[in-house]
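Student:
Number of protein chains: 2
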Amino acid sequence: MKTSIAQTTHFMEIALKEAIKAKGRDEVPVGSIIIDKKNNIITTNGNRINELSDPTAHAEILCIREASRKLNNKRLFDCKIFTTLEPCTMCASAISLARIRTLYFGAFDFKGGAIENGVQFYNSSACNHKPEFYGGFNEKESSILLKSYFEKKRV
Amino acid sequence: MKTSIAQTTHFMEIALKEAIKAKGRDEVPVGSIIIDKKNNIITTNGNRINELSDPTAHAEILCIREASRKLNNKRLFDCKIFTTLEPCTMCASAISLARIRTLYFGAFDFKGGAIENGVQFYNSSACNHKPEFYGGFNEKESSILLKSYFEKKRV
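Sequence lines, in order, name chains A and B.
Mapping of the first sequence onto this note's numbering: residues 1 to 155, in sequence order.
Mapping of the second sequence onto this note's numbering: residues 156 to 310, in sequence order.
1) Could you check if K80 of chain A is buried or exposed, using at least 16 other CB atoms within 10 Å of its CB as the buried criterion?
2) Based on Cα-Cα distance, which residue from B:I189, B:C243, B:P210 and B:L300 lies nearest to F265 of chain B?
3) With E215 of chain B and E182 of chain B assumed to form a contact (beta carbons below 8 Å), what rounded beta-carbon distance in angstroms separates them?
4) Within this structure, are the beta carbons of S159 of chain B and D54 of chain A separated by less than 8 Å?
5) Given that a residue counts as buried once 16 or more other Cβ atoms are within 10 Å of its Cβ, and exposed if not, what is S303 of chain B?
6) Tell me, to the nearest whole angstrom, how far the beta carbon of C218 of chain B is from that of S248 of chain B; I am working on the premise that it is less than 8 Å.
7) So, are the CB atoms of N261 of chain B and F292 of chain B less than 8 Å apart?
8) Listing by chain order, which chain B residues have their CB less than 7 Å from the CB of M90 of chain A?
9) Go through the region 179 to 239 of chain B residue by residue and report every complete run of the beta strand (DSSP E) that reaches 3 residues or more, in order.
10) I115 of chain A: buried (16+ other C-beta within 10 angstroms of its C-beta) or exposed?
11) Considering only the alpha carbon of each residue, which of A:N47, A:M90 and A:T43 lies closest to L76 of chain A?
12) Going along the region 208 to 225 of chain B in order, which residues come within less than 7 Å of chain A, judged by CB to CB distance?
13) DSSP beta-bridge partners for E132 of chain A?
14) Do L85 of chain A and V30 of chain A have their C-beta atoms closer together than 8 Å?
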């Protein structure tokens, strides 16, 4: 099933709510959501690196692990992931390993991103499964949230 | 504390035992081990992708998550990881995010590896923490194990 622009905005808003909740836990404010092919929400989550003492507990990884467990399938064929920040190299690769069909992300991450920036993993010949990807959804809200978090940290 | 060649071989043999156990669970036979700065073993594990229905359940990720939990620290400073196969892009990035000091790996993975092959993540300007890395330890045993697993799958 196609996901309309209005639906994409709706799902990104849910991801943003997870990012805000992550900020409340003193985590880098990033949130994600995975939906199935019928646009049903399978899972939502935000960063929990500090909470779980787990450097892999990025929002995307937590969503992938939970969605796979819920669907009892190591492959998330036809699923879509929405995340408020351009995925890092670990998450970009995990999204590919999970065979997710489409990635929508919010703000671009010029330093740590791995889709349009960094190793541009999906353009690499080492990438076995290349999801479709679209960046810049709800970019402003996501960027403001991240900036306010890091500015507070610097004070 | 320095890790001697004899000790490296010893730790790689433990990782290989985890790879053999993974094969017994019908997983791609890869095993890993993380040690602390005093050469004490913190954790060992093998792939559990099928068992857990989790595409991120590579041996390295499971070890990082468990070691971080055990040490109650999202950073594994001064720790070393030994793994029987050149880490993939997800695991290479996770090892960096965890601030692991040194990576020793067995067989080179010309297709899926991300250290000497693929995106060569630690040579990328996008990589914030670059662990020292050494490949080719117990390479033959690791390769034979992987080949026998995939040959059996093809029959």
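Ideal Cβ placement from N, Cα and C applies to all residues, glycine included.
Tutor: This is what the structure gives:
1) Within the first sequence, residue 80 of chain A is the residue found at index 80, counting from 1. Here K80 of chain A is buried, its C-beta having at least 16 other C-beta atoms within 10 Å.
2) On the second sequence, position 110 is the one that residue 265 of chain B refers to. Closest by alpha carbon: B:C243.
3) As a working note, residue 215 of chain B is residue 60 in the second sequence. As a working note, residue 182 of chain B is residue 27 in the second sequence. That belief does not hold up - the Cβ atoms of E215 of chain B and E182 of chain B are roughly 13 Å apart, past 8 Å.
4) Working through the second sequence from its first residue, we reach residue 159 of chain B at position 4. Working through the first sequence from its first residue, we reach residue 54 of chain A at position 54. Their beta carbons are not under 8 Å apart, which means S159 of chain B does not touch D54 of chain A by this criterion.
5) On the second sequence, residue 303 of chain B is found 148 positions in, with the first residue counted as 1. Classification for S303 of chain B: exposed.
6) Start at 1 with the first residue of the second sequence, and residue 218 of chain B comes out as number 63. Start at 1 with the first residue of the second sequence, and residue 248 of chain B comes out as number 93. With 8 Å as the limit, C218 of chain B and S248 of chain B do not qualify as a contact, their Cβ atoms being about 15 Å apart.
7) As a working mapping, residue 261 of chain B is identified with position 106 in the second sequence. As a working mapping, residue 292 of chain B is identified with position 137 in the second sequence. One point to set straight first is that residue 261 of chain B is Gly, not Asn, in the sequence displayed. Yes, Cβ-Cβ distance for G261 of chain B and F292 of chain B is below 8 Å.
8) Counting from 1 along the first sequence, the entry for residue 90 of chain A is found at position 90. Going along chain B in sequence order, the residues near M90 of chain A (Cβ under 7 Å) are M245, S248, A249 and L252.
9) 186 to 190 and 196 to 201
10) Locating residue 115 of chain A in the first sequence gives position 115, where the first residue counts as 1. It counts as buried.
11) Mapped onto the first sequence, residue 76 of chain A falls at position 76. Cα-wise, what sits closest to L76 of chain A is A:T43.
12) S208, D209, P210, T211, I216, I219, R220, S223 and R224
13) Translated into the one-based positions of the first sequence, residue 132 of chain A becomes position 132. In the DSSP output, where bridge partners are listed per residue, E132 of chain A has A:T102.
14) In the first sequence, the residue the question calls residue 85 of chain A occupies position 85. In the first sequence, the residue the question calls residue 30 of chain A occupies position 30. Yes.
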